[in-house]
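S.K.:
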Amino acid sequence: MRNVPAFAVTSRSRRTALQTGAAAVALLAFSALPALAAAQDAPPDEEPLTIEVGDIFTNDYAAHGVVGVTTSAPISVTAGTIVTEGPVSHGIVTYSETGSTTVTAAAVGTFGDESIGIAAQSQDGDVTVNVGQVLTTGAISDAVIATSLTGDVNVTIGSTRTEGRDAWGLWAVSETGQTTVKVGSVETLRDGGIGLVVGGGAGASVTVDSVKTSGYGSVGVNMIAGNFDYGLVTFGDAVLRAGSIETKGAHATAVSVVAVGNADVAVADTRTYGEFADGVTTYSRYGDSLVVVDKVHTSGFSALGVRSGTDEGDLTLTVGEVLTEGELSAAVSTRVRTGDLNLVVGDVTTRGGSSYGVISTVLRGTANITAQGVIQTSGDYAYGIMAATAGHTSIAAADIRTTGVSAIGIDVFSAWADFSAANDRSIDIVAASITTEGDNAHGINIAMPQDGMIIGSTPDDAAVRPRGPAAAPVAPAAPGDFSDDITIRAGKIVVGGEGAVGIRVQGLGAVDIEADNITSEQAEAIIVDARGDSTIKLNGAVSGGGEAAIRVTAENVNVTVAKTAVVTGAGDALVLSAVGPWTPPPEEPLPEEPGVLAPASPGIATLDNAGVIRAGTGAAIRVTSGTAMINNSGRIEGSLILGDGDDQVVNTGTQVVTANNDFGTGTDLFTNKGGTVLFGKAAAPLNISFLGLERFANEGGLIDLRNERAGDTLTLSGAYAATGDARLALDVGPTAVDSLVVQGVASGKTSIVLQTKPEDATLLDKSLRLITVGQGSAAGAFTLADADVGLVRYGLTFDSKTNAYMLDSSAGESVYQSVLAGEGLVSAWRASADAFNAEQAMARASGGDRGRVWAQAHGSMIEREGDDPAFALDYEQELVGGQMGVSLGARPMFGGQASFGLTGGYVDSTLTFDDGGQKVDMRTINGGAYGAWRVQNLFATGLIKVDQHELEIDDNAGGFEADIDGLSWGVQVAAGYRFHLGSIAFEPTVGLDYLSSTLDDLNVLKQSVSFEDRNGLSARFGGQALSRQELAEGRAVTWSAGLEAVHDFDADSSGVLHSKDESDTVQLGGSSTWARAQLGVQYEIGNGLETYVQGEGRFGDGQSGGGVRIGARYRF
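Quick note on numbering: the sequence shown equals residues -37 to -1, 1 to 1079 in mature numbering (1 follows the signal peptide of the UniProt record, and there is no 0).
1. What is the DSSP secondary structure of A294, reduced to helix, strand or coil?
2. What are the residues that DSSP puts in a beta bridge with Q1030?
3. Do L759 and L770 count as a contact pair if the criterion is CB distance below 9 Å?
4. Taking the CB atoms as reference points, tell me whether W792 and G933 lie closer together than 9 Å.
5. Mind the definition here: the stretch 154 to 170 touches the stretch 180 to 189 only if three or more C-beta pairs lie below 8 Å; say whether that holds.
6. What residue from F633, G574, R669 has the CA that sits closest to E662's CA?
7. Helix, strand or coil for A806? Go by DSSP, reduced to three states.
8. Is the distance from the Cβ of S931 to the Cβ of L958 below 9 Å?
9. Measuring only the C-alpha atoms, how far is L1031 from L788?
10. Just the C-alpha distance for V619 and A794, rounded to the nearest angstrom, thanks.
11. In or out: G985 buried (at least 16 other Cβ within 10 Å) or exposed?
12. Which ranges does the alpha helix (DSSP H) cover as unbroken runs of at least 4 residues, wholly within the stretch 821 to 875, from first to last along the chain?
13. Does the distance from the CB of S271 to the CB of V254 come in under 9 Å?
14. Note the first and the last residue of the continuous alpha helix (DSSP H) segment covering S781.
15. Assign S946 to buried or exposed, taking buried as 16 or more other Cβ atoms, counted over all protein chains shown, within 10 Å of its Cβ.
16. Does the stretch 818 to 826 come close enough to the stretch 911 to 930 that 3 or more CB-CB pairs lie under 8 Å?
17. I need the DSSP call for G997, collapsed to helix, strand or coil.
18. Hey, how far is the Cα of G1051 from the Cα of V778?
19. With a 10 Å radius around its C-beta and 16 neighbouring C-beta atoms as the bar for buried, classify G810 as buried or exposed.
20. At the 9 Å Cβ level, is I599 part of the contact set with chain C, yes or no?
21. With three or more beta-carbon pairs closer than 8 Å as the criterion, would you say the stretch 834 to 846 touches the stretch 872 to 891?
22. Using DSSP's beta-bridge definition, name the partner residues of N595.
23. Which runs of the beta strand (DSSP E) spanning at least 3 residues fall entirely within the stretch 54 to 124, listed in chain order?
24. Taking the beta carbon of F857 as the centre, do at least 16 other beta carbons fall within 10 Å, making it buried, or is it exposed?
25. To which residues does DSSP link P951 through a beta bridge?
26. Based on the DSSP secondary-structure assignment, which residues constitute the bridge partners of G507?
27. Going by beta carbon distance, what residues of the same chain come within less than 6 Å of G(-17), once the five residues before and after it are set aside?
28. Below 6 Å CB to CB, which residues in the same chain sit around A504 once its five sequence neighbours on both sides are set aside?
29. Thinking C-alpha only, which one of T569, S111, G101, G406 is nearest D89?
30. For the stretch 886 to 902 and the stretch 841 to 859, state whether three or more C-beta atom pairs, one from each stretch, are separated by less than 8 Å.
31. With contact counted as at least three CB pairs below 8 Å, one residue from each stretch, are the stretch 205 to 214 and the stretch 170 to 178 in contact?
32. What whole-angstrom Cβ distance do D242 and L267 have, given they're in contact under 8 Å?
33. Excluding the 5 residues preceding and the 5 following A486 in the sequence, name in chain order all residues of the same chain whose CB lies nearer than 6 Å to its CB.
34. Find out if the Cβ-Cβ distance for the pair K500, L726 is shorter than 9 Å.
35. Just to confirm the assignment, what range does the beta strand (DSSP E) spanning N766 have?
36. State the start and end residues of the unbroken beta strand (DSSP E) segment that holds M349.
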């Protein structure tokens, strides 16, 4: 304890003796008169000593203001304002050996060195001080001293201010009693000027609004509760309520609280300037600590923000905002020897090397750390949160940001303490966001070594501590008595430095990690090395710039990649090692770090992928130990490198391969269950093998070698079994084709889909080997699904001698449709010719030999059935047009009457093949001349007509569009005779047509199709029945009905596909015999004007349809 001027009893006569100087009890305030030098003793019978004075002023050496001393009687001093100006001149001094002492003053001021403002002391009595203001200006001039050996001390001060060296604001101590202090403001201005020093053997309580100190070693509040003398222990509690605390100077901690019992501390705002000047430090030896700090700011080397510890008790610490500026200046530091830690921090900022955001040690108990705000550190080795524990650890962090080499975001070291018994060492971490920038600055780092040890000790600044109750040593427990499980829930982690891992775990138990977005720019995103099982679930983007994105070693490994997750590795994406139960080697020490030295048997590596796994230069999934069980419903981009177990892969998603899949030894199965195995794009043809695979089961899945480059090869080392809608897709190029090699037996049914650019699909000069299968394979294991590409149709044949499926080619469906579309020219020519025939029949029905002008609109639809079932040749043709003509009046000729005329018209036609086939839009204009001859009931007609065609061909399936022209010309003659049976007349007719049509070559897709000219005769036989009804005023109505059969002597179509140096001829048959029925009505209006309408239906020999004609004529 610090020495102060002694006031002690020197004789049994209870006379008061002062160590130096004379006492002055003055009744005049601040008087210039000489002070009254009269020391005041207690009455002989030890009556209470009561001193009541007003204002006092002294200005001599050792001229105290008020002095009161008794042996056992209580002392009471009431004063106004006390001022001393001389050295060693105290304001108010009281001392009682066994009695209480009470000092009440308005204000006290001393202006000399070693001049205490108020010194109130008692050996065994209570001490009470109540003063408004205290000011000292000299060196070693404390403002207030209040001490008692066994009594309680109570101090209430409005404000204190000291301006000299080593001048403390308040010294209040009770060796074994209770000390209670309430202070408004405290200010010290020089080195060694501590603000408050408070001690209570039975407990201490301090309430202070503000403290300001300036100078070296000028602590703001220094508080001790409990007795710390060795051999004597009192368990006092410490209670502190502080407002604003500010210190300026080295070794000037703002708040220091030490309690043998409990500590209850609440500090609003602390600010320190100087090295080794901590913000708030607390320590409890045998009790619990409850600490609340709202705001801390330190500037200086090794100036911690908040440091709290307990030896045998729980620590509950809540810190709002912390800023430290200096190296080795942790923001929050805690240490618990035996007990639980509950730590909550808000915004934390450190600026300096090795300045941790939070550093905590728990030797025996649980650690619960919650970081609600942002933790930011700037400096090498400046961790965000570091926890060294020998018990359960729980950390929840909202946002951690570090900048510096080895500045880890969250670091947990879990090991045995030097005295720990078996306990729960499990670790739970929840981190919303972690960002680090620095080499080896991991996002989360957890180490749980087998024989690591945390040496138990208490904080360095805990001053003198009593010996606690003796505790029997406890031997460390066996690892099997521990719960060593580790759980991590991570939101976003981004680490950018060399060797910086997103999440790095070394554990002795099970590891359970669930992460959203983890990015390591130069190392792994996740590394796990555990002796128990390891479970990892990924929900977002996870990428690693090192050898792998994720590396896991554990007894059994279970990785789940969610649908929203994308795992990307610069080398490998996933490296999994399921090493089985760990067994230490016999007669060898336990390893220093977890790992696998002597596994009993390999474990199981399970992967469930619904997202994307993307490899860089390595494998997508590499299993170095254990049996792999892979379920892929997402997308895997890269190869599978598996171990020696009986591996099973079930693919319902997509695997993109650019290198070999290696299944190692064992009996391995790859099941493509509705999924896709897809070749990736490459600069050269790929030659990929599924090595060590015993069976590939293609259960409704797709093997897709299509990558816009032909020549790739896939080799399956074992058997191939297809079920369901199993498919194989291959690229076909002008000179190369993808191929599949099955070294085992191929069974089931697999449909082959060929992919090539339409312009690259050409006729092959020879058959190409497409698939090779093993001995004993079924001949029909593979078939072509959609063989048409561009103008070519591919075919597949099986060569039993070589066990190979060969690919050949011929003209495709687009060629067949193009050739058959030539029938549309014939239909367009006949549409306008039929318009002429209808006009002639209606004109004969009305009679007359005058000249006439006529016009007709017509529309029809023809449905045609193809003749070759191997091709989709059914089509529908719609024709819409108009025809008109002019006839001169009848002239005698060959014993009868003859007339001649000219005709012309237009037909717009659309021919569309079924099932999304070719579509041909055709526009036709025509012109011709005709003649008619009649003698009585015998008649004949003739027509010669030329048609010019323009065709627009749109073939989506074939992948081309083209415009070509065509020309048709023909001659048509017909003759008939009219029979009259009462009111009905019959006209049987016969006819003969000759038609020739040509079509330009179709030049598309670097190939051409030439069309053979169509030349042929057609015969017609039929007739119509007429019934005419005369109306009034020269009007009449004529009804007609007809039936006609048509036979084409040459209805075939022919064309040739010219492809590179190869060609293929197409021959198609046509409708040779068909019929049509007609029904019409004509109305003679009078004055030479006549109108009619006729409907038609056709049928027979694969065609059907119908149409309608509306016409009018004017006779002149």
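For each residue, glycine too, the CB sits at the ideal point set by N, CA and C.
M.R.: Answer, in terms of the structure:
1. coil
2. S1017
3. yes
4. yes
5. Touching, per the Cβ criterion.
6. F633
7. helix
8. Cβ distance < 9 Å, so S931 and L958 count as in contact.
9. 16 Å
10. 57 Å
11. Classification of G985: buried, given that the 10 Å Cβ count is 16 or more.
12. The alpha helix (DSSP H) runs of length 4 or more contained entirely in the stretch 821 to 875 do not exist; there are none.
13. yes
14. 776 to 783
15. Here S946 is exposed: its Cβ has fewer than 16 other Cβ atoms, across all protein chains shown, within 10 Å.
16. no
17. helix
18. 52 Å
19. G810 comes out exposed.
20. No chain C appears in the structure shown, which is made up of a single protein chain.
21. yes
22. N572, N614
23. Runs found: 55 to 59, 64 to 73, 81 to 85, 90 to 99, 107 to 111.
24. exposed
25. G986
26. Partner(s): S483, G532.
27. The pLDDT assigned to G(-17) is 24, lower than 50, so where the model puts this residue is not dependable, and the model offers no usable value.
28. N480, V529
29. S111
30. At 8 Å Cβ cutoff, the stretches touch.
31. yes
32. In the sequence as displayed, the identity of residue 242 is Gly instead of Asp. Indeed, because the Cβ distance is near 7 Å, the residues count as touching under 8 Å.
33. G462, A463, V464, G509
34. Contact check for K500 against L726 fails: the beta carbons are separated by 9 Å or more.
35. It is not in any beta strand (DSSP E) - N766 carries neither H nor E in the DSSP assignment.
36. 348 to 352
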